[in-house]
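Trainee: First the structure, then my questions, so here it is.
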Amino acid sequence: MGFPGLLLALLALLALPGAALARVLAEDALWQGTVELPEDLLVPAGRTLTIAAGTQVLVEPADSTRIDPEYLAHGTEIAVRGRLRILGTADQPVRFLLASAGDRERWAGLVVDGGSLEAAGAVIRDAEAGVQVQAGSASLAGVVVEACRYGVVGLGPRAELTLSHSAIRDNDYGLLLLAGAQAREEELTLAGNRRRDRLFRPAVPVPVEPPAPQPAGLAERPLARVYGDEALVGETLWQGRILVQGTVRVPADSRLVILPGTLVEVARRDTNGDGYGENGLSIQGLLVAKGTPHAPIVFRSAEPHRQQGDWDAINILGSDQGDNLVEFCRIEDAFRGLHFHFSTVTVRGSRLANCLRGMQFQESLVTVRDSLFLGNTSALQARDSEVLLAGNHFLDNGQGVNVFRLGLTAAGNLFAGNLGDGLRIREGVSRLFGNTLAGNRSGLVMADARYAVLQGNLLAANHEAGLTLRSCDHLEVSGNAMLGNGLAGINLADVRAEIRGNLVTDNGERGLAIQSFAGRISGNNLAANGLYAIGIEASSDIDATGNWWGGLDPATVIYDGADEAGLGRVLVEPPAPAALPFTWPVARVPCDSTWRGAVRLEQRVTVPAGVTLTLAAGTTVTYPRPATLAVHGLLAARGGPAARIRFQAGGEAGPDDWDMLYFEHGNGSVLSEVDFVAGSWAIHSHLTDLAVTGCRFLDNRGGIRFHGGPLAVRGSLFAGNGIGLRAFRGLASVEGSAFVANEIGVFVREKGKRLALHDNNFLDNRRYAFRMGDFAEDDVAAGHNYWGAAGPGASIFDGASEPGIGRVLYEPVRLEPVAMTLARTP
């Protein structure tokens, strides 16, 4: 049908009340008059939808449990991967309205994902997000976006927005530019948005191990078999290079076994013109795809220019008599990489990348371990299943993980850099332990849950909230860290929960934002949140006794009925008198973060390259042995005269009660006014540019041991240690410091010619003030130091004591001690 005929057909259709539109626009189309939109509409690549001046689009909000991969939001949406032209005028605007006036629900809005939106003279109302762009462009001229939750949202660096002579008003939030999105603005009005007119958040880098490269030489492999539309009966073995040009079925009671290193390429076939391939695998029997780390099985598009949606999926349907295995596989370029119904499946060590949806299933028993979901439009969506997610990475997807009515256990997963929510849970029973959710739009969103345990998770640097709970009951939220999120650490609306023992600090507006809550908030550390530690909109009182408020009067960091009539009160008495011990919950600090209060480490915690960990003044870090803080990025620990930072042993003090603060290539790290007490080696620095100023090293097995450097020590005290400072092939300058009552003050193991120690005090060290090691052949510059009333004499072991090793060049000797401001008492 040509365009004129199609236009007449559409106009005839739209003349009928309640006319339903096709879910995928098959041809270019024009809307005018009154258009009813009862369900989602996709404008695919290569198609144009034009909406004429004066058109009214009446939208029915939809149930949010839909799992179709081609759509991005949870309500009714117009998804744009092609081109959407809105040709309104000031006198005849195009209006997007809810079909039912006064309906409290919202529709999703206009969602641009790789396409273009050109809108003039439009009014967009009652949407979750009036316009949202995560890839592609949106140009709004003379557009009003109002009465939405979010007015206009740009997500990520691929979002291009031009906003001119337009108004974003009377929404909850106005203009949000997240994860590095940018907008060009000209005469843009932002007014009356209830919570915030504007929010800009740069992208949050979350360093991770780079994914393994694509196995070499795949395209050069000779074809082993070519399949069309056919069934594999009995047991079939695949190896080598397989080309699929249709739908390959494995019937019930049959089995497909795929050997390590096999390449399965699927040709594109799109018979219905929706833009997505239809070829793939359909398993009713059993699939055993068992690759290895060094010889993974690869499923990908056979097209020369591979794209998302080139082929359909590995469909596993009604296969619950055995455990389908997908192990060390790479699944790419699919509509849905893995798709299960009524099946039992284990996925381990696999990578799902560049798919419209990485994985989707329902009514299944599923285990996913140690797998990577990277760069998909949607990583994983599931419903009505029993699921274990353990040790997976969900990175840089459009949407993260979205589940409905699951029995879910999630442990040790990383959800990072997803443009939408890291993890969204609706209904079901959930147990979440030791997960990291960082740098997503929101970290964890949970709604309508009747039981859940959230324990020992990290929710950091998400653009909006770390944790959002809506209409939930019987929740335990304990031992979690909510740090540095853009708006709130925790959002609570109609929630009954026990919220205890959490670290909630440095969030942009509120530590806890409460609309409606029943339960208790106790034993939490609440400090340095932008506006308020707790801000409420509830009329009932909130029990928040026994919390630490960052050393401030709670009344100054709470917004409640004392500030606005009609609100309840936050009941705080008695507050905790000091910071409450908080155990850091995960093995990494995944993004720039700040620790405050009393942090306890019970495992090796790594600060990776590219990440800065800041320790606020007054912070105490406690190490039960053998915990270690390993810094490969940057540590900024700056205490103050009345608020020194302290690293201390856990339990009874003693020389082996905790392990070291370890630096490797952590260039630029700074330690200022920090105390290290009763540990093993307080600092072990390897090839790191480290500055130590005004620090105390007291009663440790060793103070500082270092290799390389450069190390700069100024005005510091080493007292009561086994060895104060130990150097190995190091570059260091040590000035204005004191080495007092150590077993050995300074020990040079090897290569000391790049050391310079001047204007220091060496007093009462039990064996030696300075000892050269057996392989330390170089002389060490150590003039202008004070060696006590007896002088250097017998307090130095060097080439004068044992021929063949270097000399400590201590001339000239200071006759008076260097003035020190640091006392021995920590």
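Residue 196 in this note's numbering is what sits at position 216 of the sequence shown, and the numbering runs on without skipping anything.
Heads up, the beta-carbon is just placed ideally off N, CA and C, and yes, glycines get one too.
Given the structure is predicted, the values throughout are model-derived calculations rather than measurements.
(1) Which first and last residues belong to the beta strand (DSSP E) in which Trp218 is found?
(2) To the nearest angstrom, report how far apart Leu22 and Thr56 are at their CA atoms.
(3) From Gly786 to Ala629, what distance separates their C-alpha atoms?
(4) Please determine if the segment 524 to 535 and the segment 443 to 457 are in contact, where contact requires at least 3 C-beta pairs separated by less than 8 Å.
(5) Looking only at C-alpha atoms, which of Leu439, Val457, Arg549 and Ala473 sits nearest to Ala466?
(6) Let me check one thing: in DSSP terms, what residues is Cys309 bridge-paired to?
(7) Rounded to whole angstroms, what's the CA-CA distance from Pro231 to Ser262? Just pull it up for me.
(8) For the beta strand (DSSP E) containing Ser451, list its first residue and its last residue.
(9) Tell me which residues share the same chain as Val60 and place their Cβ nearer than 6 Å to its Cβ, disregarding the 5 neighbours each side in the sequence.
(10) Buried or exposed for Pro202, please, with buried defined as at least 16 other CB atoms from any protein chain shown within 10 angstroms of its CB.
(11) Using the Cβ count rule (16 or more neighbours within 10 Å means buried), how would you classify Glu312?
(12) Assign Gly773 to one of three DSSP states: helix, strand, or coil.
(13) For Val611, write down the residues that DSSP places opposite it in a beta bridge.
(14) In angstroms, rounded to a whole number, what distance separates the CA positions of Ile47 and Ser144?
(15) Given that a residue counts as buried once 16 or more other Cβ atoms are within 10 Å of its Cβ, and exposed if not, what is Thr599?
(16) Is the distance from the Cβ of Leu551 to the Cβ of Asp521 below 8 Å?
(17) Jot down the residue ranges of each uninterrupted beta strand (DSSP E) in the segment 226 to 300, minimum 3 residues, whole runs only, in chain order.
(18) Helix, strand or coil for Pro182? Go by DSSP, reduced to three states.
(19) Under a three-way DSSP split, which group does Thr536 fall into?
(20) For Val433, verify whether its CB is less than 7 Å away from any heavy atom of the ligand PLP.
(21) Check each candidate in Pro690, Ser410, Ala127 and Phe315 and name the one with the smallest Cα separation from Arg149.
(22) Please state whether DSSP places Gln194 in a helix, a strand or coil.
(23) Mind listing, in chain order, the continuous beta strand (DSSP E) runs of no fewer than 3 residues lying wholly within the segment 368 to 422?
(24) DSSP state of Asn505, grouped into three classes?
(25) If you count every other CB in all the chains shown that lies within 10 Å of the CB of Asp744, and 16 or more means buried, which is it?
(26) Thinking C-beta only, is Thr485 closer than 8 Å to Arg850?
(27) State the CB to CB distance for the pair Gly197 and Leu158, rounded to an integer number of angstroms; the pair is presumed to be in contact (CB under 8 Å).
(28) Is the segment 580 to 590 in contact with the segment 599 to 611, if contact means three or more CB pairs nearer than 8 Å?
(29) Can Val579 and Val601 be called in contact, C-beta distance under 8 Å?
(30) Put Trp767 into one of helix, strand or coil per three-state DSSP.
(31) According to DSSP, which residues form a beta bridge with Pro561?
(32) By the three-class DSSP mapping on this structure, what secondary structure does Glu57 have?
(33) Within 10 angstroms of the Cβ of His645, are there 16 or more other Cβ atoms? Answer buried if so, exposed if not.
(34) Taking buried to mean at least 16 other C-beta atoms within 10 Å of its own C-beta, is Glu782 buried or exposed?
(35) Out of Val381, Gly34 and Leu239, which one is the CA nearest neighbour of Leu403?
(36) Say whether the segment 352 to 360 touches the segment 290 to 299, bearing in mind that this needs 3 or more beta-carbon pairs closer than 8 Å, one atom from each stretch.
Mentor: Walking through what the data contain:
(1) If you number the sequence shown from 1, residue 218 lands on position 238. Under the DSSP assignment, Trp218 falls in the beta strand (DSSP E) whose first and last residues are Glu215 to Trp218.
(2) The count along the sequence shown starts at 1 and reaches residue 22 at position 42. The count along the sequence shown starts at 1 and reaches residue 56 at position 76. Looking at the two C-alpha atoms, the distance is approximately 11 Å.
(3) One-based indexing of the sequence shown puts residue 786 at position 806. One-based indexing of the sequence shown puts residue 629 at position 649. Rounded to whole angstroms, Gly786 to Ala629 spans 36 Å at the Cα level.
(4) The answer is no - the segment 443 to 457 does not touch the segment 524 to 535, with fewer than three Cβ pairs under 8 Å.
(5) Residue mapping note: residue 466 aligns to position 486 of the sequence shown, counting from 1. With the sequence shown as reference, residue 466 is identified as Gly, and Ala is not the correct amino acid for it. Proximity to Gly466 across Leu439, Val457, Arg549 and Ala473 peaks at Leu439, based on C-alpha coordinates.
(6) Looking up residue 309 in the sequence shown gives position 329. Beta bridge pairing from DSSP links Cys309 with Ile277.
(7) Taking the sequence shown and counting its residues from 1, one reaches residue 231 at position 251. Taking the sequence shown and counting its residues from 1, one reaches residue 262 at position 282. If you draw a straight line from the Cα of Pro231 to the Cα of Ser262, it comes to about 8 Å.
(8) Start at 1 with the first residue of the sequence shown, and residue 451 comes out as number 471. Unbroken beta strand (DSSP E) run through Ser451: Ala445 to Ser458.
(9) Translated into positions along the sequence shown, residue 60 becomes position 80. The beta carbon of Val60 sits closer than 6 Å to the beta carbons of Val23, Val92, Gly95 and Leu97 from its chain, once the five residues preceding and following it are set aside; these are given in chain order.
(10) As a first step, residue 202 is located in the sequence shown; it is residue number 222 there, counting from the start. By the beta-carbon neighbour count (other beta carbons within 10 angstroms, threshold 16), Pro202 is exposed.
(11) Counting from 1 along the sequence shown, the entry for residue 312 is found at position 332. Classification of Glu312: buried, given that the 10 Å Cβ count is 16 or more.
(12) In the sequence shown, counting from the first residue as 1, residue 773 sits at position 793. DSSP places Gly773 in helix when its eight states are reduced to three.
(13) In the sequence shown, residue 611 corresponds to position 631, counting from 1. DSSP lists Val587 and Phe643 as the beta-bridge partner residues of Val611.
(14) Taking the first residue of the sequence shown as 1, we reach residue 47 at position 67. Taking the first residue of the sequence shown as 1, we reach residue 144 at position 164. Reliability of the predicted coordinates at Ile47 is poor, the pLDDT of 48 falling under 50, and the value obtained from them is presented with this limitation in mind. Taking the straight line from one Cα to the other gives about 35 Å.
(15) Locating residue 599 in the sequence shown gives position 619, where the first residue counts as 1. In the assembly as shown, Thr599 is a buried residue. Its beta-carbon has 16 or more other beta-carbons within 10 Å.
(16) The residue labelled residue 551 in the question sits at position 571 within the sequence shown. The residue labelled residue 521 in the question sits at position 541 within the sequence shown. Yes, Cβ-Cβ distance for Leu551 and Asp521 is below 8 Å.
(17) Entirely contained in the segment 226 to 300, the beta strand (DSSP E) runs reaching 3 residues are, in chain order, 227 to 230, 235 to 238, 243 to 246, 260 to 263, 266 to 270, 277 to 281 and 294 to 297.
(18) Residue mapping note: residue 182 aligns to position 202 of the sequence shown, counting from 1. Three-state result, Pro182: coil.
(19) Start at 1 with the first residue of the sequence shown, and residue 536 comes out as number 556. If DSSP states are grouped into helix, strand and coil, Thr536 belongs with the helices.
(20) Of the ligands one can find in the structure shown there are none, so the ligand PLP has no counterpart to examine.
(21) In the sequence shown, residue 149 corresponds to position 169, counting from 1. For Arg149, the nearest C-alpha among the options comes from Ala127.
(22) Translated into positions along the sequence shown, residue 194 becomes position 214. Gln194 falls in the coil class under three-state DSSP.
(23) Correct list: 373 to 375, 379 to 384, 387 to 391, 394 to 396, 403 to 406, 409 to 413 and 416 to 418.
(24) Taking the sequence shown and counting its residues from 1, the one referred to as residue 505 is at position 525. Look at Asn505 here: in three-state DSSP terms it is strand.
(25) Translated into the one-based positions of the sequence shown, residue 744 becomes position 764. Asp744 comes out exposed.
(26) Given that the chain is displayed from residue -19 to residue 806, the structure contains no residue 850 and the question cannot be resolved.
(27) Here residue 197 refers to the residue found at position 217 when the sequence shown is read from its first residue. Here residue 158 refers to the residue found at position 178 when the sequence shown is read from its first residue. Contact annotation, Gly197 with Leu158: C-beta distance approximately 40 Å; criterion of less than 8 Å not satisfied.
(28) In the pairwise beta carbon analysis, the segment 580 to 590 is classified as touching the segment 599 to 611: at least three pairs are separated by under 8 Å.
(29) Here the question's residue 579 lines up with position 599 in the sequence shown. Here the question's residue 601 lines up with position 621 in the sequence shown. Val601 is positioned such that its CB atom lies closer than 8 Å to that of Val579.
(30) In the sequence shown, residue 767 corresponds to position 787, counting from 1. Coil, per DSSP.
(31) The residue labelled residue 561 in the question sits at position 581 within the sequence shown. Beta-bridge pairing by DSSP links Pro561 to Ala578.
(32) Stepping through the sequence shown from its first residue, residue 57 is reached at position 77. Shown here, Glu57 sits in a strand according to DSSP, grouped into three states.
(33) On the sequence shown, position 665 is the one that residue 645 refers to. Around the beta-carbon of His645, fewer than 16 other beta-carbon atoms lie within 10 Å, marking it exposed.
(34) As a position in the sequence shown, residue 782 is number 802, starting the count at 1. Answer is exposed; the Cβ neighbour count stays below 16.
(35) In the sequence shown, counting from the first residue as 1, residue 403 sits at position 423. Nearest to Leu403 by C-alpha distance, out of Val381, Gly34 and Leu239, is Val381.
(36) Counting C-beta pairs with one atom in each stretch, the segment 352 to 360 and the segment 290 to 299 have fewer than three that are closer than 8 Å, which means they do not touch.
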